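Peer 1:
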Amino acid sequence: MPRGGPPVLIFVSILPDWTIRSAVKEDFAPVLALWVTAGGPATVTDTLEGLSRLSGADRGALLVAEWDGIVVGSLIAAWDGWRGSFYRLAVHPDRRRQGLATALVREGERRLQGCGAIRLTAIVADDEPTAGAFWRAAGYQRQQHRVRFVRLVDPSPQRRSCSSPSDV
Ligand SMILES: CC(C)(COP(=O)(O)OP(=O)(O)OC[C@H]1O[C@@H](n2cnc3c(N)ncnc32)[C@H](O)[C@@H]1OP(=O)(O)O)[C@@H](O)C(=O)NCCC(=O)NCCS
1 MPRGGPPVLI
11 FVSILPDWTI
21 RSAVKEDFAP
31 VLALWVTAGG
41 PATVTDTLEG
51 LSRLSGADRG
61 ALLVAEWDGI
71 VVGSLIAAWD
81 GWRGSFYRLA
91 VHPDRRRQGL
101 ATALVREGER
111 RLQGCGAIRL
121 TAIVADDEPT
131 AGAFWRAAGY
141 QRQQHRVRFV
151 RLVDPSPQRR
161 SCSSPSDV
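1 is the number of the first residue of the sequence shown in my numbering; add one for each residue after it.
(1) By DSSP, does Ile-20 sit in helix, in strand, or in coil?
(2) Which of helix, strand or coil does DSSP assign to Thr-121?
(3) Taking just the CA atoms, how far does Gln-98 sit from Val-72?
(4) Could you tell me which of Leu-104, Arg-111, Glu-109, Arg-148 sits nearest to Val-124, measuring between CA atoms?
(5) Around the Cβ of Ser-85, are there at least 16 other Cβ atoms within 10 angstroms (buried) or fewer (exposed)?
(6) Residues around ligand 1, please: the condition is that the C-beta lies closer than 5 Å to some non-hydrogen atom of it.
(7) Compute the Euclidean distance between the alpha carbons of Leu-51 and Phe-28, then round it to the nearest angstrom.
(8) Expressed to the nearest angstrom, what Euclidean distance is found between the alpha-carbon atoms of Pro-165 and Gln-141?
Following this line, the structure appears as structure tokens:
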């Protein structure tokens, strides 16, 4: 009989403290606040209406990481019927380097592969070394000899339905 009485069992949880899920309408305002806090570049589509339009066109594209009931991470994993595109990856500064962004991207990859995507793209600011380091660590290669051309246009007064294949 070993000395010191019965063995003491210590349980160590290997489950993460966060969950990754598709966003619902109530998440839109916290997600916009997260983007301000996380410090990524703001864009003209960072509005409640913009997120609502995204959700109507590609339901499930906006993923959030929730920790203790608080939205601490986001990723848009959008499928347009042609390619899968990642936008607005952000993790709250207090929750970084714990694997949240990686978990968001892996969930986004699962979603986009399930939609039929075979090519995944992330648009990353080239003056953000942290972002570049993250995407390289996640297994993405920086594309050479390509730049993005952008033009802002006014919303059309005559909106058409442009639903994605997942909606039909
Ligand atoms: C980039 C960002 C999303 C990373 O989130 P995160 O949850 O901390 O990332 P992870 O914990 O999943 O990191 C995975 C790996 O990426 C790399 N990485 C992440 N942050 C890094 C940093 N600051 N410096 C160097 N490498 C980094 C590391 O290899 C890391 O693995 P390790 O922690 O085992 O070393 C977060 O820093 C952020 O929100 N930044 C501001 C917004 C932004 O730049 N978004 C990207 C726009 S495309």
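We put the beta carbon where it would ideally sit given N, CA and C, even for glycine.
This one's a predicted model, so the numbers in the text were calculated from it and none came from an experiment.
Peer 2: With the given structure in hand:
(1) On the sequence shown, position 20 is the one that residue 20 refers to. Ile-20 falls in the strand class under three-state DSSP.
(2) In the sequence shown, counting from the first residue as 1, residue 121 sits at position 121. DSSP places Thr-121 in strand when its eight states are reduced to three.
(3) The sequence position of residue 72 within the sequence shown is 72, counting from 1. The sequence position of residue 98 within the sequence shown is 98, counting from 1. C-alpha separation (whole angstroms): 12 Å.
(4) Within the sequence shown, numbered from 1, the residue matching residue 124 stands at position 124. Nearest option by C-alpha distance: Arg-148.
(5) Here residue 85 refers to the residue found at position 85 when the sequence shown is read from its first residue. That one is buried.
(6) Ala-38, Gly-40, Leu-89, Ala-90, Val-91, Arg-96, Arg-97, Gly-99, Leu-100, Ala-101, Thr-102, Val-124, Glu-128, Thr-130, Ala-131, Ala-133, Phe-134, Ala-137
(7) For the purposes of this step, residue 51 is taken as the residue at position 51 of the sequence shown. For the purposes of this step, residue 28 is taken as the residue at position 28 of the sequence shown. Distance between the alpha carbons of Leu-51 and Phe-28 is about 7 Å.
(8) Within the sequence shown, numbered from 1, the residue matching residue 165 stands at position 165. Within the sequence shown, numbered from 1, the residue matching residue 141 stands at position 141. With a pLDDT of only 49 at Pro-165, under 50, the local geometry of the prediction cannot be trusted, and the value read off the model is given with reservation. Computed Cα separation, rounded: 28 Å.
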